[in-house]
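I have placed the structure first, in the form of structure tokens, so that the comments after it can refer back to it.
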Amino acid sequence: MSKVTVVGAGNVGATVANVLAHENVANEIVLLDLMADMAKGKALDTWQQAPIDEYSTRIKGTGDYADTAGSDIAVITAGVPRKPGMSRDDLISTNAKIVSSVTKSLLAESPNAIIIVVSNPLDVMTYAAHEVSGHPSSKVIGMAGVLDTARYRAFLAEALDVSPRDIQAMLLGGHGDTMVPLPRYTTVSGIPVTELIDDAQLDAIVERTKKGGGELVQLMGTSAWYAPGAAAAQMVGSILRDEKRIFPCCIKLEGQYGLSDVYLGVPVKLGKNGVEEVIELKLDKEEMALLETSSGHVKEVMGAYDKMGLS
Numbered sequence: 002m003s004k005v006t007v008v009g010a011g012n013v014g015a016t017v018a019n020v021l022a023h024e025n026v027a028n029e030i031v032l033l034d035l036m037a038d039m040a041k042g043k044a045l046d047t048w049q050q051a052p053i054d055e056y057s058t059r060i061k062g063t064g065d066y067a068d069t070a071g072s073d074i075a076v077i078t079a080g081v082p083r084k085p086g087m088s089r090d091d092l093i094s095t096n097a098k099i100v101s102s103v104t105k106s107l108l109a110e111s112p113n114a115i116i117i118v119v120s121n122p123l124d125v126m127t128y129a130a131h132e133v134s135g136h137p138s139s140k141v142i143g144m145a146g147v148l149d150t151a152r153y154r155a156f157l158a159e160a161l162d163v164s165p166r167d168i169q170a171m172l173l174g175g176h177g178d179t180m181v182p183l184p185r186y187t188t189v190s191g192i193p194v195t196e197l198i199d200d201a202q203l204d205a206i207v208e209r210t211k212k213g214g215g216e217l218v219q220l221m222g223t224s225a226w227y228a229p230g231a232a233a234a235q236m237v238g239s240i241l242r243d244e245k246r247i248f249p250c251c252i253k254l255e256g257q258y259g260l261s262d263v264y265l266g267v268p269v270k271l272g273k274n275g276v277e278e279v280i281e282l283k284l285d286k287e288e289m290a291l292l293e294t295s296s297g298h299v300k301e302v303m304g305a306y307d308k309m310g311l312s
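Counting from 2, one number per residue, gives the positions in the sequence shown under this note's numbering.
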């Protein structure tokens, strides 16, 4: 029996719950929100979809943390979404308080739950959740690279006129403008992408990927939800099925890549215990310099969080 709680019944949280329900990977999903009726309504809507799309996962909406007891995994999407002109970092003050409070409430009911953080600014919200959780770093994971690589792969598929299913990619670093896409580790059915696209096009796609979230905010007036929700659900699936899939995820680095005490996206193996292995790629000097720049930016925002004294 497996149970997943999703905190936040807004666009992202509701998408996580809906995608997970379709996957039939959990016996029960709890969708929790301070606006309990909204959570109940979206859960009921998703349950009424089950006979049509033929899944069996039970889904419950609630505003009571007692209903989350015994969760194996908790996905935190709660927080204020970005608005036009607002950076992820602008969200820190409000969302750090929310994420810290939610983490404490979740673990009071499910002390062994693996935490997946989706709230922005992602890297620092993962830090906030980890600080208040008391968990090992392997059990507090930020969803960033799964989404960022999806955007990168989608843009490449469009440019190359191929299926995105055939594109494999990797990127590192913070979830934002300082992320580090790695064209050297990008392939199309095993073919290095550099053999299929010129440098100028590839550079343009890399830059678009870095600003992928901002592009959607400008178009819609709020943050994305379909792709982020599906990305978090994919991480949950790998853990519950013990698939040991390799995804770029935000975790606390403890010496890997020569970096410590910083939360950055790196490739990890996700299984039933959370992060079961951190994979260290052999970066060249330019790639390492970009990763160090990204680390420096994340540490600055972590410092702003530290001054708030929430942990």
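For glycine and all other residues, C-beta sits at the position ideal for the given N, C-alpha and C.
Owing to the predicted nature of the structure, the values given are computational and were not obtained by experimental measurement.
Residue i in three-state terms, based on DSSP
| i | result |
| --- | --- |
| alanine 67 | helix |
| threonine 187 | coil |
| valine 125 | helix |
| leucine 172 | strand |
| glycine 297 | helix |
| leucine 271 | strand |
| glycine 80 | coil |
| lysine 286 | helix |
| proline 85 | coil |
| proline 165 | helix |
First and last residue of the uninterrupted beta strand (DSSP E) at residue i
| i | result |
| --- | --- |
| isoleucine 77 | 74-77 |
| glutamate 29 | 29-33 |
| glutamate 1 | The structure shown does not extend to residue 1, since the chain spans only 2 to 312, so no value can be given for it. |
| glycine 143 | 141-143 |
Unbroken alpha helix (DSSP H) run spanning residue i, endpoints
| i | result |
| --- | --- |
| glutamate 110 | 93-110 |
| valine 119 | Element bounds for valine 119: n/a, residue is neither H nor E. |
| leucine 161 | 146-161 |
Pairwise C-alpha distance: residue j and residue i
| i | j | result |
| --- | --- | --- |
| leucine 172 | arginine 209 | 14 Å |
| glycine 213 | glutamate 159 | 15 Å |
| glutamine 202 | threonine 179 | 19 Å |
| glutamate 261 | glutamate 255 | Reading off the sequence, residue 261 comes out as serine, not glutamate. So the two alpha carbons sit approximately 4 Å from each other. |
| isoleucine 116 | proline 184 | 30 Å |
| aspartate 243 | methionine 303 | 31 Å |
| tyrosine 227 | asparagine 28 | 22 Å |
| proline 193 | methionine 309 | 45 Å |
| leucine 291 | valine 20 | 34 Å |
| valine 141 | glycine 275 | 8 Å |
| alanine 145 | isoleucine 53 | 31 Å |
| alanine 232 | leucine 148 | 6 Å |
| aspartate 73 | leucine 108 | 11 Å |
| aspartate 124 | leucine 33 | 23 Å |
| valine 103 | methionine 126 | 11 Å |
| threonine 314 | alanine 170 | Residue 314 lies beyond the range of the chain shown here (2 to 312); nothing can be said about it. |
| arginine 154 | serine 164 | 9 Å |
| isoleucine 280 | lysine 286 | 18 Å |
| lysine 283 | isoleucine 247 | 16 Å |
| lysine 98 | arginine 166 | 38 Å |
| alanine 79 | alanine 10 | 8 Å |
Residues bridged to residue i (per DSSP)
| i | result |
| --- | --- |
| histidine 265 | For clarity, residue 265 is leucine in the given sequence; the question names histidine instead. Bridge partners of leucine 265: Ile252. |
| lysine 308 | Answer is none; lysine 308 lacks a bridge partner. |
| proline 182 | Leu172 |
| glycine 62 | Leu32 |
Whole runs of the alpha helix (DSSP H) within the region 196-262, excluding any shorter than 4 residues: 200-211, 213-221, 227-241
Identify every run of the beta strand (DSSP E) within the region 5-59, keeping only runs that are complete inside it and at least 3 residues long; order them along the chain. 29-33
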